[in-house]
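Line order of the protein sequences matches chains A and B. Number 632 marks the last residue of the first sequence (the working numbering); no jumps. Number 632 marks the last residue of the second sequence (the working numbering); no jumps. From the three backbone atoms N, C-alpha and C, an ideal C-beta is built for every residue, glycine too. Take a look at the structure below.
There are 2 protein chains.
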Amino acid sequence: MSTDLDALMTELGRRARKAARALASVPSKDKDKALRAAAQAIRIDARLILDANAMDMKAAEAKGLSKAMLDRLMLDPARIEAMAKGLEEIARLPDPVGRTLAEWTRPNGMTIARIAVPLGVIGIIYESRPNVTADAAALCLKSGNATILRGGSESFHSSHAILTALTGGLLACGLPLDAVQMVPTTDREAVGVMLRLSEYIDVIVPRGGKSLVERVVNESRIPLFQHLEGICHTYVDGAADLDMAKEIVLNAKMRRTGICGATETLLVDAACAKTHLQPLVAMLIDAGCEVRGDQAACAADSRALPAADIDWSTEYLDAIISVKVVDGVAAAVEHINTFGSHHTEAIVTDNAHNAEAFITGCDSAIVLWNASTQFADGGEFGMGAEIGISTGKLHARGPVGVEQLCTFKYVVTGNGQVRPG
Amino acid sequence: MSTDLDALMTELGRRARKAARALASVPSKDKDKALRAAAQAIRIDARLILDANAMDMKAAEAKGLSKAMLDRLMLDPARIEAMAKGLEEIARLPDPVGRTLAEWTRPNGMTIARIAVPLGVIGIIYESRPNVTADAAALCLKSGNATILRGGSESFHSSHAILTALTGGLLACGLPLDAVQMVPTTDREAVGVMLRLSEYIDVIVPRGGKSLVERVVNESRIPLFQHLEGICHTYVDGAADLDMAKEIVLNAKMRRTGICGATETLLVDAACAKTHLQPLVAMLIDAGCEVRGDQAACAADSRALPAADIDWSTEYLDAIISVKVVDGVAAAVEHINTFGSHHTEAIVTDNAHNAEAFITGCDSAIVLWNASTQFADGGEFGMGAEIGISTGKLHARGPVGVEQLCTFKYVVTGNGQVRPG
Chain A
212 MSTDLDALMT
222 ELGRRARKAA
232 RALASVPSKD
242 KDKALRAAAQ
252 AIRIDARLIL
262 DANAMDMKAA
272 EAKGLSKAML
282 DRLMLDPARI
292 EAMAKGLEEI
302 ARLPDPVGRT
312 LAEWTRPNGM
322 TIARIAVPLG
332 VIGIIYESRP
342 NVTADAAALC
352 LKSGNATILR
362 GGSESFHSSH
372 AILTALTGGL
382 LACGLPLDAV
392 QMVPTTDREA
402 VGVMLRLSEY
412 IDVIVPRGGK
422 SLVERVVNES
432 RIPLFQHLEG
442 ICHTYVDGAA
452 DLDMAKEIVL
462 NAKMRRTGIC
472 GATETLLVDA
482 ACAKTHLQPL
492 VAMLIDAGCE
502 VRGDQAACAA
512 DSRALPAADI
522 DWSTEYLDAI
532 ISVKVVDGVA
542 AAVEHINTFG
552 SHHTEAIVTD
562 NAHNAEAFIT
572 GCDSAIVLWN
582 ASTQFADGGE
592 FGMGAEIGIS
602 TGKLHARGPV
612 GVEQLCTFKY
622 VVTGNGQVRP
632 G
Chain B
212 MSTDLDALMT
222 ELGRRARKAA
232 RALASVPSKD
242 KDKALRAAAQ
252 AIRIDARLIL
262 DANAMDMKAA
272 EAKGLSKAML
282 DRLMLDPARI
292 EAMAKGLEEI
302 ARLPDPVGRT
312 LAEWTRPNGM
322 TIARIAVPLG
332 VIGIIYESRP
342 NVTADAAALC
352 LKSGNATILR
362 GGSESFHSSH
372 AILTALTGGL
382 LACGLPLDAV
392 QMVPTTDREA
402 VGVMLRLSEY
412 IDVIVPRGGK
422 SLVERVVNES
432 RIPLFQHLEG
442 ICHTYVDGAA
452 DLDMAKEIVL
462 NAKMRRTGIC
472 GATETLLVDA
482 ACAKTHLQPL
492 VAMLIDAGCE
502 VRGDQAACAA
512 DSRALPAADI
522 DWSTEYLDAI
532 ISVKVVDGVA
542 AAVEHINTFG
552 SHHTEAIVTD
562 NAHNAEAFIT
572 GCDSAIVLWN
582 ASTQFADGGE
592 FGMGAEIGIS
602 TGKLHARGPV
612 GVEQLCTFKY
622 VVTGNGQVRP
632 G
């Protein structure tokens, strides 16, 4: 490994740590003003950003990148305006720093409060989408954290131009220049060095495909906010209303097939298979979804293909779904905990007892009752923007008693909601 | 590495995972009944436990273990009764599982709740103290987690006898046998295998000296609840009442010198050094504490020794303290963030503005205002027993928005409290 690279990354880390200490006590209104100034700077520098993006696009085309990759990389005035608007939205969120999370008084008269503070320095490792530069930096800044960004080499110039505009805005408002930094080299080794910089980086957020996340998981000596895969399930219980089940399943699979909250496996209770299986399978196939089913699913519709073992643990991110009949809630939970990725699962049922068993049984970050798995999203949760979804469990701080040996899950209770758009 | 060992540890992990799934939904009253039954079983098996302990003690003496180590290893009827009482105390704590941590309703009518759930499987790696076997297992069980225990080889027989009694109690109440398991070999390699068992273990808790924790930190592929060191500071501000400062400093350093919350460095504001430094240094030395001071501290009392650079980052765990004069709160915070271990820091001051600056500035899990650092303890916080203190920052679960980019700190506000006993 290059000593120069080590020295470079350490210097970035040192500066970020120093900026983080300053940022931790910046008042909300100053952070928000800086975010609005950054939004304005991005609008003003739109031309420069587009020029930089054109360079990246040209190089990417020459390298023969796929159409999907090129689309992720491409910026236009609308996307730049969306980026600026995104910063303004983040400015409008309530400041999470300084909240009193809990407070109590001891018999000796001491009061104890649990107060929200920034994590410190957050390292973001991402791929081709240059807008992540603005989004991620803004979320970190809002929460009082310094950021070290490491974008994909394809988007290097675009990200750099965005960052220049952004930091210009921050600086104008008196925030530290090093609040947001970018790794100034496309050397792949820099990622490895970054993942060992535990003295200066508190949390790493990998944003990208499975191979990127896998590398980070394997190499990082720093805690991560991450999920490797979103193998999400929708379970249609014996006590499910068929119309609601159809609406939820269609949305959960087909609204957008490429997001991590898309359902990849449909489980149908044997108790309602006779009435519900055929309409669900037919509906999916009619909607252009490939169904890979167990014997029962294949028997329900001749267009269904037989599922292989690997299908139960595959994240398609495409218009493909695996379908299986299971023997009630317990079997559904068993299947999900065995083949799932602890991300997001939904049950459709009118039976509160079955819902409770499902909610308790699934070892997943998000469990929904009568609502679509596509709601697995910070915006849809009412949290504003998100930096990603974590399937990790909790790390506590301070004394670890029984309460700190617990993590949490989100239990979503709906009455058939599906996600629009 | 031995394939047998791999197979053995994987089997332990599989069983623990299965037990954890069952434990997650065991009602509070059943867990509490099982804990009380385990306490009773420990009392009934006291003779067997003492016999096993005698074997361990004999081997330890033959190996020439230090007196301190032998004391940690030794069990007697009083310590066994304390262990049983400890289990009963944990039974009396409120159940942390199932608490609603937050709850809100979305415009579309969905309600979202954040509910406390167990972490899953917790691996505990500890050294010679056999009572950790009972304490740790009970805390994990109370919080619905399965446990894999790996004790020190010196306490193998003692821990095994305790575990046998304990699981007997659990079994009698219908809890799964594999809720608490022990690694059935003293092979050091087993620890390495355990630290890579991320599929089956959710969190590792290392309990022991710095070398144990360091090994775990370096090798673990699993998140940890841990702190490497407790280099805790007490800062006596210019606006500190001298009597309060003396009482707090004496307690913070000398109540027990061997615990992680003991103060290791005293910082005195230059603004009050003239009046406060000499009495504080003299008091400590009179109480039998070795003072390693900067120039000012050495000048204040001829018995003080000059501090070396290494002293500022040393956890003595002994009747030794480093003492330094600093230029106000900002310099104190800078010193603490540079040389400390992000564990616990105290400020003594009557000035709320300075307290606020200290509380905000220190990047530590616990910050106290006018109270002793020795309060850094789950019991003293009113949490009941603790499994350790973590200096790690937060891992969130589910969508990670700005709120989840934060961790918390404990802010303790007192009026001079010192910890008795």
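Val-534/B - containing beta strand (DSSP E), residue span: 531-537
Contact the segment 250-264 of chain A vs the segment 397-405 of chain A: 3+ CB pairs below 8 Å: no
Arg-283/A in three-state terms, based on DSSP: Of the three classes helix, strand and coil, the one that applies to Arg-283/A here is helix, per DSSP.
Euclidean distance between Cα positions of Ala-482/B and Ala-498/B: 25 Å
Where Trp-523/B meets chain A, residues with beta-carbon distance less than 8 Å: The premise fails here: Trp-523/B is roughly 17 Å from chain A at the closest Cβ pair, so nothing lies under 8 Å.
Other residues of its chain near Glu-272/B: CB distance less than 8 Å, five sequence neighbours each side excluded: Leu-281
Length at least 3, wholly inside the segment 241-324 of chain B: the beta strand (DSSP E) runs in chain order: 311-316
Cβ contact check for the segment 486-502 of chain A and the segment 529-541 of chain A: 3 or more pairs under 8 Å: yes
Asn-562/A at chain B interface by Cβ criterion, 7 Å: Closer than 7 Å: no.
Short Cβ contact (7 Å threshold) for Ala-390/A with Ala-230/A: yes
The segment 320-343 of chain B: positions lying closer than 9 Å to chain A by Cβ: Here the close residues are Gly-320, Met-321, Thr-322, Ile-323, Ala-324, Arg-325, Ile-326, Ala-327, Val-328, Pro-329, Leu-330, Gly-331, Ile-333.
Inter-residue spacing [alpha-carbon to alpha-carbon] between Ile-570/B and Asp-267/B: 46 Å
is_contact[Gly-593/B, chain A] using C-beta, thresh 7 Å: Interface residue, yes.
Sub-7 Å separation of Leu-208/B and Asn-356/B beta-carbons: In this structure chain B extends from 212 to 632, so residue 208/B is not present and cannot be described.
Of the listed residues Arg-232/B, Trp-523/B, His-564/B, Gly-590/B, nearest to Leu-388/B (C-alpha basis): Arg-232/B
Endpoints, beta strand (DSSP E) assigned at Ala-515/B: Per DSSP, Ala-515/B belongs to no beta strand (DSSP E) and is neither H nor E.
Other residues of its chain near Asp-522/A: CB distance less than 6 Å, five sequence neighbours each side excluded: Arg-503, Ser-533
7 Å Cβ shell around Cys-509/A - same chain, five flanking residues per side excluded: Ala-515, Pro-517
Outcome for Pro-341/A when other beta-carbon atoms lying within 10 angstroms are tallied against a minimum of 16: buried
Residue burial classification, Lys-296/B (beta-carbon count within 10 angstroms, cutoff 16): It is exposed - the Cβ of Lys-296/B has fewer than 16 other Cβ atoms within 10 Å.
Proximal chain A residues relative to Thr-571/B, where beta-carbon distance stays under 9 Å: Ala-235, Ser-236, Gly-309, Val-328
is_contact[Ala-582/B, chain A] using C-beta, thresh 7 Å: yes
Inter-residue spacing [alpha-carbon to alpha-carbon] between Ile-255/B and Val-237/A: 59 Å
Interface positions of the segment 538-568 of chain A facing chain B (Cβ-Cβ less than 8 Å), listed along the chain: Asn-548
7 Å Cβ cutoff met for Ala-566/A and Trp-580/A: yes
DSSP bridge partner residues for Arg-361/B (one or two, in chain order): Ile-336/B
Proximal residues, the segment 221-233 of chain B versus chain A, C-beta separation under 8 Å: Arg-232
Classification of His-564/A by the beta-carbon crowding that lies within 10 angstroms, buried from 16 upward: Exposed, since its Cβ has fewer than 16 Cβ neighbours within 10 Å.
Contact between the segment 439-451 of chain B and the segment 545-552 of chain B (3+ Cβ pairs under 8 Å): Three or more Cβ pairs closer than 8 Å define a contact, and the segment 439-451 of chain B meets that threshold against the segment 545-552 of chain B.
Same chain, Cβ closer than 8 Å to Gln-489/B, neighbours up to 5 away in sequence not counted: Once the five neighbours on either side are set aside, the close Cβ partners of Gln-489/B are Ala-511, Asp-512.
Pro-517/B: CB within 6 Å of a non-hydrogen atom of the ligand GTP: Of ligands this structure carries none, so the ligand GTP is not represented either.
Contact with chain B by Arg-247/A, beta-carbon distance below 7 Å: For Arg-247/A, the answer is no, since every Cβ of chain B falls outside 7 Å of its Cβ.
Cβ-based contacts, 8 Å cut-off: residues of the segment 384-395 of chain A near chain E: Of the protein chains in the structure, A and B, none is chain E.
Same chain, Cβ closer than 6 Å to Glu-425/A, neighbours up to 5 away in sequence not counted: none
Straight-line Cα distance separating Gly-309/B from Asp-243/A: 36 Å
Within chain A, the residues that Asp-243/B reaches when beta carbons sit closer than 7 Å: None at all; the shortest Cβ gap to chain A is about 12 Å.
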